[in-house]
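Below: the structure, in structure tokens.
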Amino acid sequence: MKKGLVLGVYETENESNVVFTPTAAKYNELVNGKLLKNILLAGPKIPKGHARVFWGLDETDYSGVAVVSLGKQGLGINKLEEIHEGKESVRAAAAAGCRALDDVEIKDIKLETLGDAEAAAEGAGLATWLYQGYKNEEKKKKLPKISLYGEEGETEWRVGIIKAQAQNWARELADTPANLMTPTIFSQRVSEVLTNLGIDIQVREKSWAEQKKMGSFLSVARGSCEPPKFLEISYKGAENPSESPMTFVGKGVTFDAGGISLKPSSEMDEMRADMSGAACVAATIRAAAELKLKKNIIGLIPLTENLPSGHATKPGDLVRAMNGKTIIVDNTDAEGRLILADALCYAQEFNPRFILDIATLTGAMRVALSNSATGVFTNDGNLYETLRNAGTVTGDRVWRFPLWQHFTDEVTKKVKGADINNIAKCKGGGSCSAAAFLREFVAKDIPWMHLDIAGVMGPAHDELSYIPAGMTGRPTRTLIQFLQTL
Ligand SMILES: [Zn+2]
Numbered sequence: 250m251k252k253g254l255v256l257g258v259y260e261t262e263n264e265s266n267v268v269f270t271p272t273a274a275k276y277n278e279l280v281n282g283k284l285l286k287n288i289l290l291a292g293p294k295i296p297k298g299h300a301r302v303f304w305g306l307d308e309t310d311y312s313g314v315a316v317v318s319l320g321k322q323g324l325g326i327n328k329l330e331e332i333h334e335g336k337e338s339v340r341a342a343a344a345a346g347c348r349a350l351d352d353v354e355i356k357d358i359k360l361e362t363l364g365d366a367e368a369a370a371e372g373a374g375l376a377t378w379l380y381q382g383y384k385n386e387e388k389k390k391k392l393p394k395i396s397l398y399g400e401e402g403e404t405e406w407r408v409g410i411i412k413a414q415a416q417n418w419a420r421e422l423a424d425t426p427a428n429l430m431t432p433t434i435f436s437q438r439v440s441e442v443l444t445n446l447g448i449d450i451q452v453r454e455k456s457w458a459e460q461k462k463m464g465s466f467l468s469v470a471r472g473s474c475e476p477p478k479f480l481e482i483s484y485k486g487a488e489n490p491s492e493s494p495m496t497f498v499g500k501g502v503t504f505d506a507g508g509i510s511l512k513p514s515s516e517m518d519e520m521r522a523d524m525s526g527a528a529c530v531a532a533t534i535r536a537a538a539e540l541k542l543k544k545n546i547i548g549l550i551p552l553t554e555n556l557p558s559g560h561a562t563k564p565g566d567l568v569r570a571m572n573g574k575t576i577i578v579d580n581t582d583a584e585g586r587l588i589l590a591d592a593l594c595y596a597q598e599f600n601p602r603f604i605l606d607i608a609t610l611t612g613a614m615r616v617a618l619s620n621s622a623t624g625v626f627t628n629d630g631n632l633y634e635t636l637r638n639a640g641t642v643t644g645d646r647v648w649r650f651p652l653w654q655h656f657t658d659e660v661t662k663k664v665k666g667a668d669i670n671n672i673a674k675c676k677g678g679g680s681c682s683a684a685a686f687l688r689e690f691v692a693k694d695i696p697w698m699h700l701d702i703a704g705v706m707g708p709a710h711d712e713l714s715y716i717p718a719g720m721t722g723r724p725t726r727t728l729i730q731f732l733q734t735l
């Protein structure tokens, strides 16, 4: 197999000047200045995020060497953009380098740290993986193998690879067709992977949910022939095993047709990824175990399909959640909040340090933010700041929305004959009233964050240079970073 190497250069004021990273400078010496000579012949300016491939520099080790531009040296946090531009340009450069070599059939790629081994591993790890599922083996694209060049940055590289692989796993779970990712199959897949890491996982059946009086969750499952499941994942990494856990709740609707409030058929296939929140939770806990984080983490994942049938919940039906609150279901396509309501009630039995729920909840979030960021609703400003900083570091950002009484009134005050309605009657603000609905199922004194990822779930169309087309697995790395910094 042909081997390739990715090295970095920085942009300078003087465009005819070449400034190597320290590793690239060393390599240039190793090949007696041939790298510099070639770059000067080629331009020499390489635009930020672009790569040039040079051949025949050293016959023994690498057939091709991709030189990528990292932009200006010493880039840091851009406060207005809320992004670490240095890290982000390393991710983009690593991806560009891998792509350039992959394009010329070099499949064994080594990368230098590019000044930030963790970011380089993230960019390369995400860019070189693609969901190919059940394509004929012969037609599958051969994915490149990546590894670190040089002795420096091994620990950081490994952390970056763990994060990228976790996100790639979330991408895979989300992109798999819904008939091959039912609640049962999701439970099996996630159990296999997490059990191998020594994580305790319970797969609860419908009868358990009935005992728990999860009438809201079960009302969504009624329309489907696939049995619902409820996953309870428990990772105990804290030195004190009885330390209060951080509790993550992920929406696991493995296919959402909307129920009787049927969705339009165009692009309905994308609703195979309506379990992206569940995938993020599973992937985050996987990474926490691989990184041996000293935290206790609980993951709760209600899993069901949302389909129309003779048994399905009808608009206007009344259901009762685990905490006894009655809900009028005026729109059966607002099912995510119904399954989360019971999961949030159950989460409180663990005496959690905080609860974070994550869900592809509202199309309105995509209207508000497009695919730029995850929307966050919270009753705890400190938790939000930690999450926001995590998003700045990972480049996968979050943005806060209001959790005001205004929206609570919209889903409670105007409702006759029940405590709450699953949709607001007012126009607009659909993401905010969804959050207000969830708030009814969390005790006031519990720190809580709700993440709406309907905008960022994908499918991506190559907007982010280091995430190829398909479901994105976002914001898995931000959640991992958040856990690392808590
Ligand atoms: Zn829905």
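According to this note's numbering, numbering within the sequence shown proceeds without interruption in unit steps and concludes at 735.
The C-beta atom is built at its ideal place from N, Cα and C for all residues, glycine as well.
For clarity, every value in this text was computed on a predicted model and none was experimentally measured.
> Do residue 269 and residue 258 have their C-beta atoms within less than 8 Å of each other?
Replying inline: Here residue 269 refers to the residue found at position 20 when the sequence shown is read from its first residue. Here residue 258 refers to the residue found at position 9 when the sequence shown is read from its first residue. Yes, they are a contact pair.
>> Using 8 Å as the threshold, is the C-beta distance between residue 557 and residue 511 below it?
In response: As a working mapping, residue 557 is identified with position 308 in the sequence shown. As a working mapping, residue 511 is identified with position 262 in the sequence shown. Taking C-beta atoms as the reference points, residue 557 and residue 511 count as a pair closer than 8 Å.
> Is the beta carbon of residue 579 within less than 7 Å of some heavy atom of ligand 1?
Replying inline: The sequence position of residue 579 within the sequence shown is 330, counting from 1. Taking 7 Å as the cut-off, one finds no heavy atom of ligand 1 near enough to the beta carbon of residue 579.
>> Nearer than 7 Å: is that true of the beta carbon of residue 671 relative to any heavy atom of ligand 1?
In response: Taking the sequence shown and counting its residues from 1, one reaches residue 671 at position 422. With a cut-off of 7 Å, the C-beta of residue 671 is classified as distant from ligand 1, since no heavy atom of the ligand falls inside that distance.
> How about residue 582: is its Cβ closer than 7 Å to a heavy atom in ligand 1?
Replying inline: Position 333 of the sequence shown, counted from the start, is the residue given in the question as residue 582. Yes, the Cβ of residue 582 comes within 7 Å of a heavy atom of ligand 1.
> Between which two residues does the alpha helix (DSSP H) harbouring residue 682 extend?
Replying inline: By one-based count along the sequence shown, residue 682 stands at place 433. In the DSSP assignment, residue 682 falls within the alpha helix (DSSP H) that extends over 679 to 688.
> Does the count of Cβ pairs from the stretch 561 to 581 and the stretch 539 to 551 closer than 8 Å reach three?
Replying inline: Contact between the stretch 561 to 581 and the stretch 539 to 551 is absent: fewer than three C-beta pairs spanning the two stretches fall below 8 Å.
>> Let me check understanding here. Comparing Cα to Cα, which of 714, 519, 350, 655 lies closest to residue 706?
In response: Position 457 of the sequence shown, counted from the first residue, corresponds to residue 706. Comparing Cα-Cα distances from residue 706 to each of 714, 519, 350, 655, the minimum goes to 519.
> Which same chain residues, not among the five before or five after residue 516, have their C-beta less than 7 Å away from its C-beta?
Replying inline: Start at 1 with the first residue of the sequence shown, and residue 516 comes out as number 267. Same-chain partners within the cutoff: there are none.
>> Given a cut-off of 8 Å on the beta-carbon distance, is the pair residue 700 and residue 605 in contact?
In response: In the sequence shown, residue 700 corresponds to position 451, counting from 1. In the sequence shown, residue 605 corresponds to position 356, counting from 1. Residue 700 places its beta carbon less than 8 Å from that of residue 605.
>> Let's test the definition: count the other Cβ atoms within 10 Å of the Cβ of residue 718 and tell me whether it reaches 16, buried, or not, exposed.
In response: Reading the sequence shown from its first residue, position 469 is the one you call residue 718. With fewer than 16 other Cβ atoms within 10 Å, it is exposed.
>> Looking at the strands, I want to know which residues DSSP matches up with residue 256.
In response: Residue numbering aside, residue 256 sits at position 7 when the sequence shown is read from its first letter. BP columns for residue 256 point to 316.
> What three-state label does DSSP hand residue 622 in the structure shown?
Replying inline: Indexing the sequence shown from 1 puts residue 622 at position 373. In the structure shown, residue 622 sits in coil (DSSP, three-state: anything other than H, G, I, E or B).
> What residue does the alpha helix (DSSP H) around residue 460 start on, and which one ends it?
Replying inline: One-based indexing of the sequence shown puts residue 460 at position 211. Boundaries of the alpha helix (DSSP H) harbouring residue 460: 455 to 460, taken from the DSSP string.
>> So, with DSSP's three-state summary, where would you put residue 414?
In response: In the sequence shown, the residue the question calls residue 414 occupies position 165. The answer is helix: DSSP assigns residue 414 an H, G or I state.
> According to DSSP, what are the bridge partners of residue 549?
Replying inline: Counting from 1 along the sequence shown, the entry for residue 549 is found at position 300. Partner(s): 481, 498.
> Considering only residues of the same chain and omitting the five flanking positions on each side of residue 224, which have a CB-CB separation below 7 Å?
Replying inline: The requested residue 224 is not part of the displayed model; the chain covers only 250 to 735.
>> Excluding the 5 residues flanking residue 562 on each side, which residues of the same chain have their C-beta closer than 6 Å to its C-beta?
In response: Taking the first residue of the sequence shown as position 1, residue 562 is located at position 313. Answer for residue 562: 468, 471, 578, 581, listed in chain order.
>> With a threshold of 7 Å (Cβ to nearest heavy atom), would residue 600 be considered close to ligand 1?
In response: For the purposes of this step, residue 600 is identified with residue 351 of the sequence shown, where counting begins at 1. Outside the cutoff, so no.
>> Please return the same chain residues whose Cβ sits closer than 7 Å to the Cβ of residue 752, not counting the five positions on each side in sequence.
In response: With the chain covering 250 to 735 only, the question about residue 752 has no answer from this structure.
>> In whole angstroms, give me the CA-to-CA distance for residue 539 and residue 409.
In response: Within the sequence shown, residue 539 is the residue found at index 290, counting from 1. Within the sequence shown, residue 409 is the residue found at index 160, counting from 1. Roughly 12 Å separates the two Cα atoms.
> Between the C-alpha atoms of residue 356 and residue 628, what's the straight-line distance to the nearest angstrom?
Replying inline: If you number the sequence shown from 1, residue 356 lands on position 107. If you number the sequence shown from 1, residue 628 lands on position 379. Distance between the alpha carbons of residue 356 and residue 628: 48 Å.
>> Can you tell me whether residue 338 is helix, strand or coil according to DSSP?
In response: Mapped onto the sequence shown, residue 338 falls at position 89. When DSSP states are grouped into helix, strand and coil, residue 338 belongs to the helix group.
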